[in-house]
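Residue 873 in the working numbering is what sits at position 264 of the sequence shown, and the numbering runs on without skipping anything.
The beta-carbon is built from N, C-alpha and C at its ideal position, and this holds for glycine as well.
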Amino acid sequence: MQSKALYIFTPVSSSAFKAGYVTLIGLPNAGKSSLWNALIGEKLAAVTNKPQTTRHRIPGLIHGPGYQIILSDTPGVLDRVAYRLQERLMNYIYETLEDSDLFLLVYDASQTLQHHKALEQFRSHFTPNNSLVVLNKWDIAKPAVEQQIVSYWQKLPLVKTSVLTGLGLEEVKSWMIQHLPEHPPYYDTDSDLSTLSLRFFVSEIIREKIFLNYMDEVPYACHVEVDSYEEKPEIHRISATIYVERESQKAILIGHQGQALKKLGIQARQEIEALVGTQVFLSLTVKVAEGWRSQDRYLKKFGYFRAPI
Ligand SMILES: Nc1nc2c(ncn2[C@@H]2O[C@H](COP(=O)(O)OP(=O)(O)OP(=O)(O)O)[C@@H](O)[C@H]2O)c(=O)[nH]1
Ligand SMILES: [Mg+2]
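Shown next, in the form of structure tokens:
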């Protein structure tokens, strides 16, 4: 018992320390980003009711006595890609399949298994030692889904979760800690919640508000770049550009007499202020980058050929 207490309260030797890369993987809209935020303990990743909200691999850090988890959120798995951007998003998933220690296979329990076939392509990567099936949205689950998923995955352990009620989140965390490999920490144990920059998360807040405010294809045609970020103790001055694919989308984004863009700006500013804890001045510009989702030159410029910083 004594040695266990010692293990918890003193810096552990590198051989006893557990650290590893855990990836949330699942179909669009399953609740991966919601789970990521809940497990990290801060709302940083964009969450919306529209599929394909997440467009990057987003690493978050969870530290505790003797362990460090690098938890990656990922874009939803697609069974078919329609344009070049989606191809790049799937690449983030292939990357995690190669370099992750553990996987959380996230299912939307309010959908039938039929809906989940896209994960089939990666089936051979998931074993009882490295994967946990997470049956999320249990608060609105279809009763038959549990049995379907249990018989589909057979030997994989399964936890029912609800981000809304908190059900199962501690179990998911315990499973991760238990299954992490012994490894020294990859990052300082007092480092921030993510290895990505505040600029990245600010652009994600703006993009999330676009997803929440606009219909149909418009959110999918938007990319957000933070052009400048000036940080003073009393105010953060941020200027960002929203790129769209066509002039008609620019008009929709701006709205009659600029009202739609103004509303978007207010919502984004309020959430950024809550995140940084100080006053924010946010200036938004809309530009057209003709057909950017299908063109490598734009995708490179917008960072879809590398990890975000
Ligand atoms: N009822 C309920 N809704 C949830 C739960 N978890 C997430 N949601 C909702 O499900 C929707 C999708 O959540 P996200 O976290 O954006 O899903 P995602 O898997 O990251 O989606 P993509 O990024 O598009 O792949 C949002 O409207 C969430 O509020 C849950 O446990 N219960
Ligand atoms: Mg997401």
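Heavy atom of ligand 1 within 7 angstroms of residue i beta-carbon
i, result
"Asn739", "no"
"Gln695", "no"
"Ile700", "Going by the sequence as given, residue 700 is Asn instead of Ile. No, Cβ of Asn700 sits at least 7 angstroms from all heavy atoms of ligand 1."
"Thr850", "no"
"Ile749", "yes"
"Thr575", "A question about residue 575 goes unanswered here, because the residues of the chain that appear run from 610 up to 918."
"Val690", "no"
"Lys746", "yes"
"Ala639", "yes"
"Ser771", "yes"
"Gly650", "no"
"Asn822", "no"
"Thr887", "no"
"Gly635", "yes"
"Thr657", "yes"
"Gly685", "yes"
"Pro752", "no"
"Pro660", "yes"
Check: residue i C-beta below 7 angstroms from any heavy atom of ligand 2
i, result
"Asp717", "no"
"Ser642", "yes"
"Thr705", "no"
"Asp682", "yes"
"Ala628", "no"
"Ala654", "yes"
"Thr663", "yes"
Endpoints, beta strand (DSSP E) assigned at residue i
i, result
"Gln730", "Gln730 -> no beta strand (DSSP E), and no H or E assigned at all."
"Asn745", "740-745"
"Phe890", "888-897"
"Leu767", "767-769"
Whole-number beta carbon distance between residue j and residue i, since they are thought to touch under 8 angstroms
i, j, result
"Gly635", "Gly669", "The Cβ separation is near 16 angstroms, so there is no contact."
"Leu776", "Lys782", "Not confirmed; about 13 angstroms, so no contact."
"Ala849", "Leu821", "The pair is not a contact, with the Cβ atoms about 17 angstroms apart (cut-off 8 angstroms)."
"Tyr852", "Lys896", "6 angstroms"
"Phe890", "Ile861", "The pair is not a contact, with the Cβ atoms about 25 angstroms apart (cut-off 8 angstroms)."
"Lys652", "Asn658", "In fact, because the Cβ distance is near 15 angstroms, the residues do not count as touching under 8 angstroms."
"Thr774", "Asp748", "6 angstroms"
"Leu644", "Val754", "Contact doesn't hold; Cβ gap of about 17 angstroms is too wide."
"Ile702", "Val631", "In fact, because the Cβ distance is near 14 angstroms, the residues do not count as touching under 8 angstroms."
"Glu854", "Arg846", "With 8 angstroms as the limit, Glu854 and Arg846 do not qualify as a contact, their Cβ atoms being about 28 angstroms apart."
"Pro737", "Leu706", "Between Leu706 and Pro737 the Cβ distance is about 17 angstroms, and since that is not below 8 angstroms, they are no contact."
"Met739", "Tyr716", "Sequence check: residue 739 is Asn here, not Met. With a Cβ gap of about 17 angstroms, Asn739 and Tyr716 do not count as contacting."
"Met785", "Leu711", "6 angstroms"
"Val833", "Ser812", "4 angstroms"
"Asp714", "Leu728", "Rather than Asp, the amino acid found at residue 714 in this sequence is Leu. Between Leu728 and Leu714 the Cβ distance is about 7 angstroms, and since that is below 8 angstroms, they are a contact."
"Asp682", "Leu741", "Contact doesn't hold; Cβ gap of about 16 angstroms is too wide."
"Gly629", "Leu789", "4 angstroms"
"Leu648", "Leu807", "The pair is not a contact, with the Cβ atoms about 20 angstroms apart (cut-off 8 angstroms)."
"Gln888", "Glu880", "13 angstroms between Cβ atoms; not a contact."
"Glu780", "Lys627", "Going by Cβ atoms, the distance from Glu780 to Lys627 rounds to 17 angstroms, so no, they are not a contact pair."
Run of the alpha helix (DSSP H) containing residue i, from where it starts to where it stops
i, result
"Gln757", "754-762"
"Ala940", "A question about residue 940 goes unanswered here, because the residues of the chain that appear run from 610 up to 918."
"Val811", "807-822"
"Lys910", "905-910"
"Val781", "778-788"
**Asked** Which runs of the beta strand (DSSP E), 3 residues or longer, sit entirely within the segment 684-727?
**Response** Secondary structure remark: continuous beta strand (DSSP E) runs of at least 3 residues inside the segment 684-727, in chain order: 711-717.
**Runs of alpha helix (DSSP H) lying entirely within the segment 625-696, each at least 4 residues, in chain order** = Complete alpha helix (DSSP H) runs here, min 4: 641-649.
**Request:** Would you mind listing the beta strand (DSSP E) stretches within the segment 827-873 that are 3+ residues and don't spill past its ends, in chain order?
**Result:** Counting whole runs of 3 or more residues, the segment 827-873 contains the beta strand (DSSP E) stretches 832-840, 844-853.
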